[in-house]
Amino acid sequence: NDEIPSRIPNQSTLIELSQLSSQASRNLLEGLLTLINADSLKERIIENAEGNPFYMEEMLRLLIDNQVIQQIKIFNVDFSDQLQVQLDNGFMPEELLAGFRQNHIEFGSNFVVSIQEMGQLWRISNVEKTYIVRRLEKQIVVFQNQWATVGNADRIEIPDSLEQMLRARIDRMSSEPKSILQCCAVIGRTVDHVILEQISDDIADLDTNLGQLIALDMIDPQHSPSGQFEYVFEHIVTHNIAYSMVPVVTRRNLHTRIGDSVLLKNQDNPERVLEQLANHYHQGNDGSKALIHLAKAGRKAKQQYNHQVALKLYTQGLEHLGESSVDLLEEQIIIHEGLGDVYKIQGEFDTAIKHFEQAAQITGSALREAKIKRKIADVFEKRSEYETATEMLQQALEDLKDQPNLVEEATIYNSMGWIHSQKGDYTRAIDMATRALKLVEGTTAYDIIASINKNLGNYYFRKGDLEKTNLYFENGISQAELIGDKMLMAQLYNNLGLVENMIGKVESALDNYKKSIELKKQIGDNVGLTNSYSNLGSLYSTMNDFDASLKCHQNALEIAQRSGLRENIANVENNLGNFYFKQGDNNQATDHYLISLDIRKEIGNLPGLAEVYINLTGVNLKEGNLETAEKYSREGLRTAEEISVPQAIAHAWNKVGMVQQQKKDWREAIKSFSKAAEIADKANMTLEIAEANRCTGEVLIEMGNQDQAKTSLQKALEIYKKIKSIDNIELTQQSLSKLGKHLPN
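Residue numbers (our numbering): -17 to 727.
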């Protein structure tokens, strides 16, 4: 199916087949039929085909049709003395006898007869001098027969392309089979026999004409998985050429009639064939039917996360706006709102806002308008325009006063909470999310309940309460799995990966990040992919798998830049800084950190600022820039304490301690590392606990306290081994090797 790559781009592989070589073409030609004493003709066929096997088949048919080549007769059987022949349902027709006398093929102990004019194939068996004749359902191709040249190939004009050859072949057909072929082509590559009967009621003998098309290898009969009889175009080129030869007006009329027939046949369950109906009505001549079914099919595709299909259907729906004799406002709203949803997921925010605003202009419902404003606010939030987003959400709440709805109100408060979290105010974020959860508890609004649980898990994670974090994440996953919400499941897997990475469960974190990426690829969540790729890249870096790490970060940055996601770009730039810092490339690391710093200052992302200040402290320490390192460490600690995030505070105290360690202010360094360890221990932050203990051990060695130094270093080493942090394992082992050898400073 040529639509598969667009439907499931991350689950399909396009394989381009190369042309056949000259020798392969000769082998194929010999397999199709044996031409006697016709070397020059064979070379001409191979030369014209240019390695296209389908062209070779069509060229052979052209030569047979024009009686340039003819099959060598093997038998001459005379039925003139045979008065009666036993049949399944009577006597052998005279036309069959005539055809059998003229054209028969040896087939073991039987014969196969083709009456080309009738499009029929029969098997004839000799049983005790009585000939049993049975009609075959499909053609039997017998390759062992030999063919001879009986005409001049130079007298016929051979088309330059396969398309021209097929077009010429269809042109030579008589009117009724040609008309049937074109009806089949408009129905589709697979042709439902019932639908074909309904739209070709003016054809006197449908089965006879179908038989001829089968004999000509234009279509093949088959049974569908449901057991219904249907026909299929074996080659898509044949279908496309036949379709293109249908006059435009006729084609549009046929599409509408086919749509009506498909709808009638599936009247008990039209949802099953919505996309098929949308396709036919879109190409038909009834704008109202097209708009109605494109809106329904687009919504169904979006709900199934087939975003590329939804985008195609909604866009086709736009073409029919204004064609209908009635307004069909509901369908127009569905199309514009659906386009806004899809473009938002793909990161095309300006286009998303445009369609949301168009939907809002034509809706007469206060609830619908509130919902659309909330969606516009979500776009502004993704663009880090938090004030504009908050203003839109307040307007949405005002709209709900005219048409109260608890689920929508909860969704709005949930969005408000998320904006507070992006600004580092996790206390207000929790308040908003808790308020939202109370509004929908006990309802069947499982999607919003799952989303609120996910967000509450995030907020408590930032607050260092891992017990509540896991509780809310597990609740969220249960709800998301219950309703099959792949987007929420993907987000929750990513968040679980963050928690597991922090507490040292590396393999589980790796598995959850990969699950998140796979789901986000399936649903086309480009915005979400940046976070999951970036997180996975950071984990690979910790594991010293630098090739995999860089590839993940580059994927994340490409998607973020394409979508214009400033906060996501800042996140990836920060993580790329971590990558190059770990590689020892301090200049590259600094460049990436400073890009991240500028973006985060501009959009006011305090959690991100705390993180990048801390990272700039580390890289300046490596470069020996103590004054700059101290400045960044103090900024990092101040920002971390402002947002009250334990992870950030513990990380900042470790960096403050490292600066003091470099300044040989041992006692202050010990105090800072102790504060970091205490905070990290409460929040179960394994990496920060290990770092505080390692640095404490190094300082204690300098102070001459060998026993306590050994205890701290061994505790750090145990954690580093658990989380497979190879560089830190080596660093800690080097410090342990100094014990007993180093004079106190």
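All C-beta atoms in this analysis are idealised placements derived from N, C-alpha and C, irrespective of residue type, glycine included.
Legend entry - Run of the alpha helix (DSSP H) containing Tyr37, from where it starts to where it stops: Within the sequence shown, numbered from 1, the residue matching residue 37 stands at position 55. Start and end: 35 to 47.
Legend entry - Extent of the continuous beta strand (DSSP E) to which Leu17 belongs: The residue given as residue 17 occupies position 35 in the sequence shown. First-last of the beta strand (DSSP E) with Leu17: 16 to 18.
Legend entry - Cα-Cα separation between Ile201 and Pro207, rounded to whole angstroms: Your numbering for residue 201 matches position 219 in the sequence shown. Your numbering for residue 207 matches position 225 in the sequence shown. If I take the Cα positions, the gap works out to 18 Å.
Legend entry - Reference Phe331; option with closest CA among Leu695, Glu216, Val509: Your numbering for residue 331 matches position 349 in the sequence shown. Among Leu695, Glu216, Val509, the Cα nearest to that of Phe331 belongs to Val509.
Inset, instruction - Sort Val176, Ser156, Gly209, Val219 by Cα distance to Leu195 and report the nearest one. - result: Along the sequence shown, read from residue 1 onward, the residue named residue 195 stands at position 213. Ranking the options by Cα distance to Leu195, first place goes to Ser156.
Legend entry - Of the listed residues Leu44, Met469, Leu236, nearest to Gln285 (C-alpha basis): Counting from 1 along the sequence shown, the entry for residue 285 is found at position 303. Closest by alpha carbon: Met469.
Legend entry - Best match in Asp507, Tyr515, Gly506 for proximity to Ala491 [C-alpha to C-alpha]: Taking the sequence shown and counting its residues from 1, one reaches residue 491 at position 509. Of Asp507, Tyr515, Gly506, the residue nearest in Cα terms is Tyr515.
Legend entry - Alpha-carbon to alpha-carbon, Gln643 and Gln404: The residue you call residue 404 lines up with position 422 of the sequence shown. The residue you call residue 643 lines up with position 661 of the sequence shown. Straight-line Cα distance between these residues: approximately 33 Å.
Inset, instruction - Give the secondary structure of Ala186 by DSSP, where H, G and I count as helix, E and B as strand, and everything else as coil. - result: Position 204 of the sequence shown, counted from the first residue, corresponds to residue 186. Coil.
Inset, instruction - Spell out a yes or no on whether the region 617 to 625 and the region 658 to 668 are touching, meaning 3 or more CB-CB pairs, one atom from each, closer than 8 Å. - result: no
Legend entry - Beta-carbon proximity check, Ile317 vs Tyr296, cutoff 8 Å: For the purposes of this step, residue 317 is taken as residue 335 along the sequence shown, with counting starting at 1. For the purposes of this step, residue 296 is taken as residue 314 along the sequence shown, with counting starting at 1. Result yes, Cβ atoms of Ile317 and Tyr296 sit closer than 8 Å.
Inset, instruction - Within the same chain, show all residues whose beta-carbon is closer than 7 Å to that of Asn517, passing over the 5 residues directly before and after it, in chain order. - result: Residue mapping note: residue 517 aligns to position 535 of the sequence shown, counting from 1. These residues qualify, in order along the chain: Asn476, Gly479, Leu480, Tyr495.
Inset, instruction - Count the other CB atoms, across all protein chains shown, that sit within 10 Å of the CB of Phe211; report buried if there are 16 or more and exposed otherwise. - result: In the sequence shown, residue 211 corresponds to position 229, counting from 1. By the 10 Å Cβ count, Phe211 comes out exposed.
Legend entry - Cβ-based burial, His205 [other Cβ within 10 Å; buried from 16]: Position 223 of the sequence shown, counted from the first residue, corresponds to residue 205. By the neighbour-count rule (16 or more Cβ atoms within 10 Å), His205 is not buried but exposed.
Legend entry - Rounded C-alpha distance that separates Ile18 from Val244: Indexing the sequence shown from 1 puts residue 18 at position 36. Indexing the sequence shown from 1 puts residue 244 at position 262. Ile18 and Val244: Cα-Cα distance of roughly 50 Å.
Inset, instruction - Kindly indicate which three-state DSSP category Ile315 falls into: helix, strand or coil? - result: Indexing the sequence shown from 1 puts residue 315 at position 333. Looking at Ile315 - three-state DSSP - the assignment turns out to be helix.
Legend entry - Beta-carbon proximity of Glu555 to Ile585, cut-off 8 Å: Translated into the one-based positions of the sequence shown, residue 555 becomes position 573. Translated into the one-based positions of the sequence shown, residue 585 becomes position 603. In this structure, Ile585 does not lie closer than 8 Å to Glu555 by Cβ.
Legend entry - Per DSSP, cross-strand counterpart(s) of Glu212: For the purposes of this step, residue 212 is identified with residue 230 of the sequence shown, where counting begins at 1. According to DSSP, Glu212 bridges with Asp174, Gln204.
Inset, instruction - Please confirm whether Ala334 and Val361 have their CB atoms less than 8 Å apart. - result: Here residue 334 refers to the residue found at position 352 of the sequence shown. Here residue 361 refers to the residue found at position 379 of the sequence shown. Yes.
Legend entry - Coil, strand or helix - Thr131 by DSSP: Here residue 131 refers to the residue found at position 149 when the sequence shown is read from its first residue. Strand.
Legend entry - Distance CB(Arg281)-CB(Gly320) smaller than 8 Å: As a position in the sequence shown, residue 281 is number 299, starting the count at 1. As a position in the sequence shown, residue 320 is number 338, starting the count at 1. The answer is yes: Cβ separation under 8 Å.
Inset, instruction - Kindly indicate the opening and closing residues of the beta strand (DSSP E) around Ile51. - result: Position 69 of the sequence shown holds residue 51. Its beta strand (DSSP E) spans residues 51 to 53.
Inset, instruction - Could you tell me whether the region 674 to 683 touches the region 707 to 721, using the rule of 3 or more Cβ pairs below 8 Å? - result: yes
Legend entry - Neighbourhood of Thr393 by C-beta distance below 7 Å, restricted to the same chain and skipping five residues each side: What you label residue 393 is simply residue 411 of the sequence shown in a count that begins at 1. So the qualifying residues of the chain are Arg356, Ile430.
Legend entry - Local Cβ density within 10 Å of Asp709, reported as buried at 16 or more and exposed below that: Numbered from 1 along the sequence shown, position 727 holds the residue referred to as residue 709. When all chains shown are included, Asp709 counts as exposed.
Inset, instruction - Verify whether the separation of the beta carbon atoms of Ile434 and Leu419 is less than 8 Å. - result: Position 452 of the sequence shown, counted from the first residue, corresponds to residue 434. Position 437 of the sequence shown, counted from the first residue, corresponds to residue 419. A contact, by the Cβ cut-off of 8 Å.
Inset, instruction - Following the continuous alpha helix (DSSP H) through Val509, name the residue where it begins and the one where it ends. - result: Indexing the sequence shown from 1 puts residue 509 at position 527. Val509 -> alpha helix (DSSP H) spans 508 to 524.
Inset, instruction - Identify whether Asp407 lies in helix, strand or coil by the three-state DSSP scheme. - result: Within the sequence shown, numbered from 1, the residue matching residue 407 stands at position 425. Three-state DSSP puts Asp407 in coil, outside helix and strand.
Inset, instruction - For the alpha helix (DSSP H) containing Pro628, list its first residue and its last residue. - result: Mapped onto the sequence shown, residue 628 falls at position 646. Pro628 -> alpha helix (DSSP H) spans 628 to 644.
Legend entry - Whole alpha helix (DSSP H) elements within the region 544 to 589, 4-residue minimum: 548 to 565, 568 to 585
Legend entry - Closest residue to Asp567 among Ala552, Thr599, Glu605 (Cα-Cα distance): Looking up residue 567 in the sequence shown gives position 585. Selected option, being the one with the closest Cα: Glu605.
Inset, instruction - Please determine, among Gln49, Ala20, Ser22, Arg149, the residue with the shortest C-alpha to C-alpha distance to Tyr37. - result: By 1-based counting over the sequence shown, the position of residue 37 is 55. It is Arg149.
Inset, instruction - Report the three-state DSSP secondary structure of Val228 (helix, strand or coil). - result: Taking the sequence shown and counting its residues from 1, the one referred to as residue 228 is at position 246. Three-state DSSP puts Val228 in coil, outside helix and strand.
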